[in-house]
Every structure is written in C-alpha cells, then in structure tokens.
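A.B. asks:
Shown next, in the form of structure tokens:
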C-alpha cells in the first residue's frame, strides 16, 4: 500500500472501497471533509506528522500578514497555528484576488491587500496601474491584485511585490505562492490546459467551456463577467454576456492568456513589463480548476515527484486545512463540500482534466480548521485552565450529540467569564488582520490535551457554541 493510502487509512478519512475506486480510475475524483466524523483531533494531527512527505496546505490570500505571523490576530492566528506552531501545514498564498473597496463593502475585506499596516493602523493605499497611465484608480471598485500598484514613499509598487516581500520577511516558516508553483511548472501546466480546452470544447454543446473559468480582468484591473467557447477551430471570449465576441485563437493562445497572471505573481519584480502584455480582458481559471492543478502539482506533498506521470502512487491527493467558510465546523456549518453543486462541478472539472491528460484520479481532503481555532495561545496562557472543564465535558457527549446539548454544556460552565478577551475575540465574528496587544511579541499556539481528545465533530460543536455565545454580530 502506498503512502497516500496509508495516510488516508491512518487518519480514518477514506474507506478501502473508495481508495480502490480511485486507484483503478473507476472514479476520477473524491472529496471529503471529515469534520462530522468521530475521528479524534489528536489522531488526525499525529497522522499528518507521521507521514513526513505530506504537508497539507493552509491557504490564505495575499495581504497584511505581519500580525498573523505574530500570532496576535485572534481568529486569523489559525494560519500560524497550523503552520509554524503545530507543524501540520505549509502556508500557501493565493495572490489572484481583489483589493478591498474604500467603504469595505466588496473585495477582500479580511486580508486587505489594498492597504498597509503602519504605525498601529491599517492605512489604505492610493492605487494605480501602468495600464491606465499611472492615474489613480477609483477606490470604490475592487481591483485585481496582480494588475495593481500602490503608491508608497518610493513610488508605485506592484501589490504582489509589496505584500509578498513583507509576508516572507515576517514568516517563521517557508511560504509558497500558488503563482510560483504554477510558473515553476508552466510548461506542464500549459500542456495540460491546452489539451483540456480542446477536449472540453469537443464534448460541450456549441463548444462552450465557460464552466472552466471564473471571471475576466480588464486592463484597468477591474473584474468583469466572462464567457469562453470554441468557434470552429479558434476560441473566442465575451465580456458582455455574449453580445460581442473577441477572437483569441487556438487553444495554445488561450492558455497563454490564462497563465499571464501566474507569471506576474512569480516574477513580480518585472510585473510592469509583463502586465503591459495583457489583452483587453484576461481570462481567469475557475477556483475548482486551479485547485485541481495544484493538487496534481503536489502542493500538499512537496516531497513527491513534480511530474504526476512518474509518481508510483495509485492516485494524486490534495489535502488542505479549510477555514470557516471552506472547512466549516460540522455538523452546524458543514462547509463548502456539503453543497452538491460544488462537488458536482469539481468532479466534472477534475474528470475532464484527468481524462484529457491521462492523469490519475484526485482525492481532495478538506480538513476543518475548527479544532485548531479552539487551541489557546501563549498570549493568554491561563486560558488553558479556564477552557479545560468545557472541553472535557464536551468530550463526554455521545457521538450523535446535538448543538443544543453542546450549548447546555456551555451554560453549565462556570468559568466562561474568566476566559481572556483575546481568546473570545476568535469568536466575535470579526475577522481582521489588526493585532490584539503587542504585535511585535509573538504568541504561540498551545496544543491543549483536552482539544486533542475531542472528536472532529465535538470540536465543530465547540466552535459553533462559542460563536453562539461570544459573537458580536
């Protein structure tokens, strides 16, 4: 049995039947979120550590990471917990995102890539781009980060370059950007995508392959809708819901357009030169297709061979720690994998990519971060003692315990008021990169034994209960 299958069995995640169906390509995709299972938190953490070839991803968007790395940003400190403190993940930055708007009503209002943290506050940058003649961009619209520059003392700096340098400067562990991974293997990715476009167009009504894309990016870094289809032997795209169509060319040219954003991220020091090559509208890959590609590139198993064709494993695997929106906290909030539409589109995407390129099947494991959020930190070490009775009592609940039963345990807990404001801030409903307390003093996660003893389901109930009690929203 291979390391991949051994890990899945050790962690109690996949049945032998599913493993066999993936290995034989009876199925090309299987996605699982074990958050509603009775697998113990400690067992899962130990399984990840035991299999040294495995480094599950902890993905976060580009932005202001200094306070996150310090462990002083209450909720977002789970990024440091998973990577630097508990050693069960590698940090992976997603840079193909949007700046926040000036009124914080749209874009990335959590990591705030359109701002910088200075003198204890987040300060919005004046944004610009060489593609608009270095004029100021309207801050009321979100802007595509790789296409955007921020004005600082030395002049305009590409946001990927600006935040990327600071993220790595403060990081206690090595950081990977998705763009670097794509561009490192761009020849292989180019081959995969080019084959995919043609195969998908062959099998789609009217050659429509829009389902493989997200949206488009205009030269002013604004986001627009996108449709893509093959018309005869060439591909065309529309940014106005099909009213007009722009000729792209053959599949290779479509791929080149799609890879340009990743090249800008990987070579941010020459971003201006690269961005000036951008067409009027640059197509962005769908999130599902992007995840499939990094799965096949070994993002969560960096010790494996880079070429999936040569790997002596029965199938590929992507393992990721999902935050509250993606991983959820089952059974109360089941996470993204619970949606049938999400899983169906992911299955279609992976199957199309694999069949077009004779790739192995892909197992996508979404580990919920809920147990790691429960861990206290050295910022307030007394929380360990105050929290222990609550976690211990939760651990005695039956496997099928309900949210109401977990709430009853909280109501019987007489030390809830003693828990620090820092810890309660994790469950306030406010997600911010702003630090709590002295940001220059690093706070480390404490791997509390009572949390290790919980099942993943019990940990999810604990998170739901604490949000219910302490949320300020």
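Numbering (our numbering), first residue to last: 4 to 476.
Cβ atoms here follow ideal geometry from the backbone N, Cα and C, with glycine treated the same way.
#1: With C-beta atoms as the reference, is residue 335 less than 9 Å away from residue 419?
#2: With residue 359 as the anchor, note down where its alpha helix (DSSP H) starts and where it stops.
#3: Exposed or buried, what is residue 268 when buried is set at 16 or more other beta-carbons lying within 10 Å of its beta-carbon?
#4: May I have the straight-line CA-CA distance separating residue 30 from residue 389, to the nearest angstrom?
#5: Do residue 193 and residue 446 have their C-beta atoms within less than 9 Å of each other?
#6: So, is residue 364 buried or exposed, given that buried needs 16 or more other C-beta atoms within 10 angstroms?
#7: So the candidates are 80, 146 and 113; which of them puts its Cα closest to the Cα of residue 99?
#8: Let me know if residue 163 comes out buried or exposed under the rule of 16 or more other beta-carbons within 10 Å of its beta-carbon.
#9: Report the rounded CA-to-CA distance for residue 140 versus residue 127, giving the unit in angstroms.
#10: For a test of the three-state rule: what should DSSP assign to residue 414, helix, strand or coil?
#11: Residues in its own chain within less than 6 Å of residue 4 by CB, not counting five upstream and five downstream?
#12: What first and last residue would you give for the alpha helix (DSSP H) that runs through residue 294?
#13: DSSP state of residue 460, grouped into three classes?
#14: Which first and last residues belong to the alpha helix (DSSP H) in which residue 422 is found?
#15: Between the alpha carbons of residue 108 and residue 144, how many angstroms are there, rounded?
#16: Quick one: give me the first and last residue of the alpha helix (DSSP H) that residue 267 is part of.
#17: Is it right to say residue 503 is buried, meaning 16 or more other beta carbons lie within 10 angstroms of its own, or is it exposed?
#18: Since residue 265 contacts residue 185 with CB under 8 Å, what's their CB separation in whole angstroms?
#19: Which residue from 218, 232, 430 and 226 puts its Cα closest to that of residue 205?
#20: Among 132, 230, 188 and 73, which residue has its Cα nearest to the Cα of residue 171?
#21: Can you tell which of 131, 370, 400 and 27 has the C-alpha that lies nearest to the C-alpha of residue 326?
#22: Is residue 386 helix, strand or coil when you go by DSSP?
#23: What are the start and end residues of each continuous beta strand (DSSP E) run of 3 or more residues lying completely inside the region 7-44, in chain order?
#24: Suppose only complete runs of 3+ residues qualify. What are the beta strand (DSSP E) ranges in the region 153-227, listed by chain order?
#25: Rounded to the nearest angstrom, what separates residue 462 and residue 373 at their Cα positions?
#26: According to DSSP, simplified to helix, strand and coil, what is residue 319?
#27: Beta-carbon separation of residue 436 and residue 120 under 9 Å?
#28: For a test of the three-state rule: what should DSSP assign to residue 449, helix, strand or coil?
#29: Are there any heavy atoms of the ligand ADP lying less than 8 Å away from the beta-carbon of residue 327, as far as the coordinates show?
#30: For residue 115, which of helix, strand or coil comes out of DSSP?
#31: Using the Cβ count rule (16 or more neighbours within 10 Å means buried), how would you classify residue 110?
#32: Give me the Cβ distance between residue 142 and residue 152, rounded to the nearest whole Å; I'm assuming they're in contact under 8 Å.
#33: Mind reading off the beta-carbon distance from residue 291 to residue 352? Whole number of angstroms is fine, and I expect it under 8 Å.
#34: Please confirm whether residue 177 and residue 94 have their CB atoms less than 9 Å apart.
#35: Determine the contact status of residue 226 and residue 220, defining contact as a CB-CB distance below 9 Å.
C.D. replies: Let me spell this out:
#1: By 1-based counting over the chain shown, the position of residue 335 is 332. By 1-based counting over the chain shown, the position of residue 419 is 416. Here residue 335 is not near residue 419, since their CB atoms are 9 Å or more apart.
#2: As a working mapping, residue 359 is identified with position 356 in the chain shown. Counting along the chain, the alpha helix (DSSP H) containing residue 359 begins and ends at 343-360.
#3: Locating residue 268 in the chain shown gives position 265, where the first residue counts as 1. Its Cβ being crowded by 16 or more others within 10 Å, residue 268 is buried.
#4: The residue you call residue 30 lines up with position 27 of the chain shown. The residue you call residue 389 lines up with position 386 of the chain shown. Spanning the two alpha carbons is a distance of roughly 47 Å.
#5: Here residue 193 refers to the residue found at position 190 when the chain shown is read from its first residue. Here residue 446 refers to the residue found at position 443 when the chain shown is read from its first residue. Not in contact: residue 193 and residue 446 (Cβ atoms no closer than 9 Å).
#6: Along the chain shown, read from residue 1 onward, the residue named residue 364 stands at position 361. Per the 10 Å Cβ criterion, buried.
#7: Locating residue 99 in the chain shown gives position 96, counting from the first residue. Closest in C-alpha terms to residue 99, from the list 80, 146 and 113, comes 146.
#8: As a first step, residue 163 is located in the chain shown; it is residue number 160 there, counting from the start. Result: buried.
#9: As a first step, residue 140 must be located in the chain shown, where it is residue number 137. As a first step, residue 127 must be located in the chain shown, where it is residue number 124. When rounded, the distance between both Cα atoms is 13 Å.
#10: For this step, residue 414 is matched to residue 411 along the chain shown. Correct three-state label for residue 414: helix.
#11: Counting from 1 along the chain shown, the entry for residue 4 is found at position 1. For residue 4, the predicted structure reports a pLDDT of 44, less than 50, and the residue's modelled location is therefore unreliable. The matter cannot be settled from this model.
#12: The sequence position of residue 294 within the chain shown is 291, counting from 1. That run of the alpha helix (DSSP H) goes 290-299.
#13: In the chain shown, the residue the question calls residue 460 occupies position 457. It is helical.
#14: Reading the chain shown from its first residue, position 419 is the one you call residue 422. Secondary structure note for residue 422: it is in no alpha helix (DSSP H), with a DSSP letter that is neither H nor E.
#15: Mapped onto the chain shown, residue 108 falls at position 105. Mapped onto the chain shown, residue 144 falls at position 141. Cα to Cα, the separation comes out at about 10 Å.
#16: Taking the chain shown and counting its residues from 1, one reaches residue 267 at position 264. Membership of residue 267 in the alpha helix (DSSP H) is indicated by the continuous run 254-269.
#17: No statement about residue 503 is possible, as the shown extent of the chain runs from 4 to 476 and does not include it.
#18: The count along the chain shown starts at 1 and reaches residue 265 at position 262. The count along the chain shown starts at 1 and reaches residue 185 at position 182. At roughly 4 Å, the Cβ-Cβ gap stays under 8 Å, so residue 265 and residue 185 are in contact.
#19: As a working note, residue 205 is residue 202 in the chain shown. Nearest option by C-alpha distance: 232.
#20: In the chain shown, counting from the first residue as 1, residue 171 sits at position 168. 73 is the residue among 132, 230, 188 and 73 whose C-alpha sits nearest the C-alpha of residue 171.
#21: To locate residue 326, count along the chain shown from 1; it is residue 323. Checked all of 131, 370, 400 and 27; the closest Cα to residue 326 is 370.
#22: On the chain shown, residue 386 is found 383 positions in, with the first residue counted as 1. If DSSP states are grouped into helix, strand and coil, residue 386 belongs with the helices.
#23: If we require 3 residues or more, the beta strand (DSSP E) runs fully inside the region 7-44 come out as 32-35.
#24: For the region 153-227, whole beta strand (DSSP E) runs of length 3 or above, ordered along the chain, are 158-161 and 216-221.
#25: One-based indexing of the chain shown puts residue 462 at position 459. One-based indexing of the chain shown puts residue 373 at position 370. In a straight line, the C-alpha of residue 462 is about 6 Å away from that of residue 373.
#26: Translated into the one-based positions of the chain shown, residue 319 becomes position 316. Three-state result, residue 319: strand.
#27: As a first step, residue 436 is located in the chain shown; it is residue number 433 there, counting from the start. As a first step, residue 120 is located in the chain shown; it is residue number 117 there, counting from the start. Going by C-beta atoms, residue 436 is nearer than 9 Å to residue 120.
#28: For the purposes of this step, residue 449 is taken as residue 446 along the chain shown, with counting starting at 1. Reduced to three states, the DSSP call for residue 449 is coil.
#29: The model on display carries no ligand, and the ligand ADP is accordingly not part of it.
#30: Stepping through the chain shown from its first residue, residue 115 is reached at position 112. Collapsing the DSSP output to three states places residue 115 in coil.
#31: As a first step, residue 110 is located in the chain shown; it is residue number 107 there, counting from the start. Answer is buried; the Cβ neighbour count reaches 16.
#32: Here residue 142 is taken as the residue at index 139 of the chain shown, counted from 1. Here residue 152 is taken as the residue at index 149 of the chain shown, counted from 1. Not quite, the Cβ-Cβ distance comes to about 13 Å (not below 8 Å), so this is no contact.
#33: The count along the chain shown starts at 1 and reaches residue 291 at position 288. The count along the chain shown starts at 1 and reaches residue 352 at position 349. About 5 Å; that satisfies the 8 Å criterion.
#34: Your numbering for residue 177 matches position 174 in the chain shown. Your numbering for residue 94 matches position 91 in the chain shown. Going by C-beta atoms, residue 177 is nearer than 9 Å to residue 94.
#35: On the chain shown, residue 226 is found 223 positions in, with the first residue counted as 1. On the chain shown, residue 220 is found 217 positions in, with the first residue counted as 1. Between residue 226 and residue 220, the CB-CB gap stays under 9 Å.
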